[in-house]
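Novice:
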Amino acid sequence: MTSDFIIIGLYLILMFVAGLFFSRNIKNTADYFLAARSAPWFWIMGAIWATNIGFLHGYLAHGGAAYEWGLIQANFEWFQGPFGYIMSGLFFIAFYWRAGVYTVPHFLERRYGSAISLIYNFAWIVIFVVTIAAEFYLGGLFLKNLLHIPFWPTVLVLAAVVGTYTLLGGLGAAIMMEFVQFIIMMLGTMPLLFILLHLVGGFAGIKEVLIGQWGVSPQYFTVLPDIHHPYGPGPWIVLGQCLVVTLGWCAGHQSMVQRNLGARSLYDAKFGYVVASIPKTLGAFLYIVPMIAAPIIFAGNGIFVERADASYGKLILNLLPSGMLGLFIAGLLSAGLSSISSVLNSTSTMIVKDIYERHLVKGRSDHHYFVAGRAATFAVIALSLLLVPVVLKVYLIMWLEQTLLAMVLGPFMGVLMLAIFWRRANAAGSLAGFITGGFFAILLGQAFGVNIFFEISWWSFVVTSIVTVAVTWLTAKPRPEQLDGLTWESDFRAKLGQVLKERAAENGVKVAAVQRANIRRPPWYLNIKYWATAILLSQIVLLLFFG
Amino acid sequence: MNSRKIIPFLLILSFLFFAHAVLSQERFNDVRQQMADHLTAVKTWLRANDREGAKKRFDEAQKVWETDVKRMITEGVKTNDQFQEYFDRMTEVDEHFAALAQELESGEAPKVESRVNAIIWAISHHPRGFKVPPPRYTMWDWVFGLSIGIGFCVFAIVFGLHLRRSYYRRYQKQGKEPPKG
Chain A
0 MTSDFIIIGL YLILMFVAGL FFSRNIKNTA DYFLAARSAP WFWIMGAIWA
50 TNIGFLHGYL AHGGAAYEWG LIQANFEWFQ GPFGYIMSGL FFIAFYWRAG
100 VYTVPHFLER RYGSAISLIY NFAWIVIFVV TIAAEFYLGG LFLKNLLHIP
150 FWPTVLVLAA VVGTYTLLGG LGAAIMMEFV QFIIMMLGTM PLLFILLHLV
200 GGFAGIKEVL IGQWGVSPQY FTVLPDIHHP YGPGPWIVLG QCLVVTLGWC
250 AGHQSMVQRN LGARSLYDAK FGYVVASIPK TLGAFLYIVP MIAAPIIFAG
300 NGIFVERADA SYGKLILNLL PSGMLGLFIA GLLSAGLSSI SSVLNSTSTM
350 IVKDIYERHL VKGRSDHHYF VAGRAATFAV IALSLLLVPV VLKVYLIMWL
400 EQTLLAMVLG PFMGVLMLAI FWRRANAAGS LAGFITGGFF AILLGQAFGV
450 NIFFEISWWS FVVTSIVTVA VTWLTAKPRP EQLDGLTWES DFRAKLGQVL
500 KERAAENGVK VAAVQRANIR RPPWYLNIKY WATAILLSQI VLLLFFG
Chain B
0 MNSRKIIPFL LILSFLFFAH AVLSQERFND VRQQMADHLT AVKTWLRAND
50 REGAKKRFDE AQKVWETDVK RMITEGVKTN DQFQEYFDRM TEVDEHFAAL
100 AQELESGEAP KVESRVNAII WAISHHPRGF KVPPPRYTMW DWVFGLSIGI
150 GFCVFAIVFG LHLRRSYYRR YQKQGKEPPK G
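So this is what it looks like as structure tokens:
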């Protein structure tokens, strides 16, 4: 155990020092919020996955949900996630990138005006603060269970480490740290799968014990279950989760999008997003498949599990030898810290760029907004820590977060799709649609008792789209200049030079070589479409094998 | 007291309020953990051939079960359905305890180990997915599922072709090539 403490202590010190090192060149808002737009595709790939996979959306809560409901949880990793990454990489990111925006609400503001942008902004800030609180809670609970150290001091140490490098270094430090953490996560946590499969006789052995001997429902081993499943009816997973929630998450989650906006070129942004679906797919083998085997280990060895959220920690504590446990915990802490830092940075970006700079204090110097960004980061950490006790009261944290998301992502996908693909869509229509869709989602959940979040998100998406189209037809057309560079039919090539000049002006000399920004075809082995096709085909193979 | 002082005061007060609620909720987990720890110690003592030590820890585990865990389950199930699974397994735990007492007397270590494991598993949280009914597909389910699948494919093809046509129509109008990559 002492060696584990030493490894974890060294890891936290390393993260702290590396974060300070990476933050030394941060001087203006473009550096702080968009990492000087200098990240290559492999940084983007690592950062996106590390952002996506934390304590909450990965090891602890996804692992806990996999323990609770079975292989169905792998649908997040095996077809929805890669589908969302690839579609966002191929289509949506290009629109944000070419529009030269800092945030998703900024894109909505340019297309539809400030009202919808502000609503979207506030909704996401609430979700983000809850997310950070949930990450702190899960991290604290995990270390408390594992190492028997007190909850609150642990949470405060985590907050101090991640807060320091995010506060000082902004997106640049966050992305570089996330890439390092991505490697530590992969290497540190993969051995668990092989140890477990060896113990239980492979995937067939797990099925033999659970279905053959314990009489467990075969749906515990189904990725896409029937429509009567209480947690995830198959058709609703495809309709609501895959086409609305996951796509909306990948195209509308500021932390995910912001990593791409920090890319050095559109190619790097798109390719980084597409190939991030490879680690996303592998993620199921890190925290979903092991948790299907966990009940056998718990029952056979007398390991007490108080609730699903704690099951992953209990599993590794009782299975991994000393030394390896410390490395594993370092991998898990990487997951948590990277997610917290990215959400933290995104929240401060949205607060400063979309609310403070545009609506509250206009026309100040870049340095003023740069300092405001750091102040916002600090405030978000403090608020999240205050919310940790509230999050503690919620059983299965995934439920809370996904309910909030279902109420935002359905309406968001409705207005985003129409924003890009329908030039006629206007501000009045989208605002009416967004608000109606959001209320409809709340109504479905509260008045009609629908508790499957992706069913809620699908219907709120449908209602938003219908209301937006109806109100748009009844109101005036948007002016052509409001659509320029924001819709599918925009002439992006004609605007490319202008966009690059705007970026160069924002970044000082760092992206000043506009004349060299010719579009070149990448070699065949780096062709985005080939990779996207291969990854999507691999998802079909996985679904056929695991059902 | 001015507003500058009131706000931090209220924040601390709300923090303490929530922290108190959390502590009482965590109590149920803590007493079960305590019971599991005693039971694990039974296995450890027996492996070391100390039957008296094992019996002592067995008594302590049973005491926690009878005085704390059982009471919390029977009270909790009235207001919170999360206690239902433990309520359903209470008889099972009682039976295991009775059997374990006899097995400890006879000192059969392998039997004791598996009995202890069974008790710990019985007071643990079991996956809800275990009890999901087996898959069943009605005619309506097939119609719904196939409509979604085929409908999505048709929509994707038609919408994709529409976008492609509208995009190239616009470029051709302006006499420009479509961008590559």
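In order, the protein sequences belong to chains A and B. Under numbering that gives the first Met the number 0, the first sequence has 158 at position 159, and the numbering climbs by one with no breaks. Under numbering that gives the first Met the number 0, the second sequence has 81 at position 82, and the numbering climbs by one with no breaks. Heads up, the beta-carbon is just placed ideally off N, CA and C, and yes, glycines get one too. Computed from a predicted structure; not experimentally measured.
(1) Residues of the segment 224-235 of chain A with a CB closer than 8 Å to any CB of chain B: list them in chain order, please.
(2) Please name the residue in A/F411, A/Q79 and A/E108 whose C-alpha comes closest to that of A/P541.
(3) Can you list, in chain order, the residues of its chain whose CB lies under 6 Å from that of A/G138, leaving out five sequence neighbours each side?
(4) With DSSP as the reference, please indicate the residues paired to A/A38 in a beta bridge.
(5) Mapping DSSP to helix, strand and coil, what is A/I210?
(6) Does chain B have any CB closer than 7 Å to the CB of A/W587?
(7) Cβ of B/P134 within 7 Å of Cβ of A/Q218?
(8) Give me the Cβ distance between A/E488 and A/R422, rounded to the nearest whole Å; I'm assuming they're in contact under 8 Å.
(9) Relative to chain A, which residues along the segment 133-147 of chain B have a C-beta separation below 8 Å, given in chain order?
(10) Along chain A, which residues have their Cβ under 9 Å away from the Cβ of B/N166?
(11) Under 9 Å between beta-carbons, which chain A residues line up against B/F129? List them in chain order, please.
(12) Please state if the CB of A/G330 and the CB of A/T102 are separated by a distance shorter than 7 Å.
(13) Secondary structure at A/F438, three-state DSSP: helix, strand or coil?
(14) Below 7 Å on C-beta distance, what does B/W64 contact in chain A?
(15) With distances taken Cα to Cα, identify the nearest neighbour of B/W139 among A/Y272, A/S37 and A/I226.
(16) Note down the Cα distance separating A/V461 from A/L408, rounded to an integer number of angstroms.
(17) With DSSP as the reference, label A/L542 as helix, strand or coil.
(18) Express the C-alpha separation of A/G99 and A/Q514 in angstroms, rounding to a whole number.
(19) Under 7 Å between the Cβ atoms of A/A309 and A/I350?
(20) Relative to the C-alpha of B/S113, which candidate in A/G301, A/F433, A/L359 and A/S364 has its C-alpha closest?
(21) Could you name the residues of the same chain whose beta carbon sits closer than 6 Å to that of B/R168, not counting the 5 residues immediately before and after it, in chain order?
(22) CA-CA distance, B/A53 and B/T78?
(23) Taking only beta-carbon positions, decide if B/I156 is within less than 7 Å of chain A.
(24) Would A/I52 pass as a contact of A/G282 if the rule is Cβ separation under 7 Å?
(25) Measure the alpha-carbon distance for A/L319 versus A/I205 and round it to whole angstroms.
(26) If the criterion is Cβ atoms closer than 7 Å, does the pair A/R357 and A/I47 meet it?
(27) Rounded to whole angstroms, what's the CA-CA distance from A/W523 to A/W40? Just pull it up for me.
(28) Should the segment 31-38 of chain B be regarded as contacting the segment 59-68 of chain B, the criterion being three or more beta carbon pairs within less than 8 Å?
(29) Use the C-beta contact count for A/T474: other C-beta atoms within 10 angstroms, 16 or more gives buried, fewer gives exposed.
(30) How do the segment 367-385 of chain A and the segment 162-176 of chain A stand: do at least 3 beta-carbon pairs fall below 8 Å, yes or no?
(31) How do the segment 221-238 of chain A and the segment 67-83 of chain A stand: do at least 3 beta-carbon pairs fall below 8 Å, yes or no?
(32) Who are the Cβ neighbours of B/K110 in its own chain at under 8 Å, not counting the five residues just before and after it?
(33) Do you know how far the Cα of A/L536 is from the Cα of B/H161?
(34) A/A133 and A/V390 look like a contact to me (Cβ under 8 Å); what is the Cβ gap, rounded to whole Å?
(35) Would you kindly report the start and end of the unbroken alpha helix (DSSP H) that includes A/K173?
(36) So if I threshold CB-CB distances at 9 Å, which residues from the segment 25-50 of chain B count as touching chain A?
Specialist: To lay it out plainly:
(1) P224, D225, I226, H227, H228, P229, Y230, G233 and P234
(2) Note on residue identity: the sequence assigns Leu, not Pro, to residue 541 of chain A. Residue A/Q79 is the option with its Cα nearest to A/L541.
(3) F54, L157 and G335
(4) A/A262
(5) helix
(6) Beyond the ends of chain A as shown, which are 0 and 546, falls residue 587 of chain A; an answer cannot be given.
(7) yes
(8) 7 Å
(9) P133, P134, R135, Y136, D140, F143, G144 and I147
(10) The amino acid occupying residue 166 of chain B in the given sequence is Tyr; Asn does not appear at that position. Neighbours of B/Y166 on chain A, chain order: W487 and E488.
(11) G69, L209, W213, G214, V215, S216, Y219 and P294
(12) no
(13) helix
(14) Simply none; closest approach about 13 Å.
(15) A/I226
(16) 12 Å
(17) helix
(18) Below a pLDDT of 50, predicted positions are generally treated as unreliable, and A/Q514, at 46, falls in that range; no measurement from the model is reported.
(19) no
(20) A/G301
(21) none
(22) 36 Å
(23) no
(24) yes
(25) 19 Å
(26) no
(27) 16 Å
(28) yes
(29) exposed
(30) yes
(31) yes
(32) E102
(33) 25 Å
(34) 5 Å
(35) A small correction: the amino acid at residue 173 of chain A is Ala; Lys does not occupy that position in the sequence shown. Unbroken alpha helix (DSSP H) run through A/A173: F150 to T188.
(36) E25, F27, N28, D29, R31, Q32, M34, A35, D36, L38, T39 and K42
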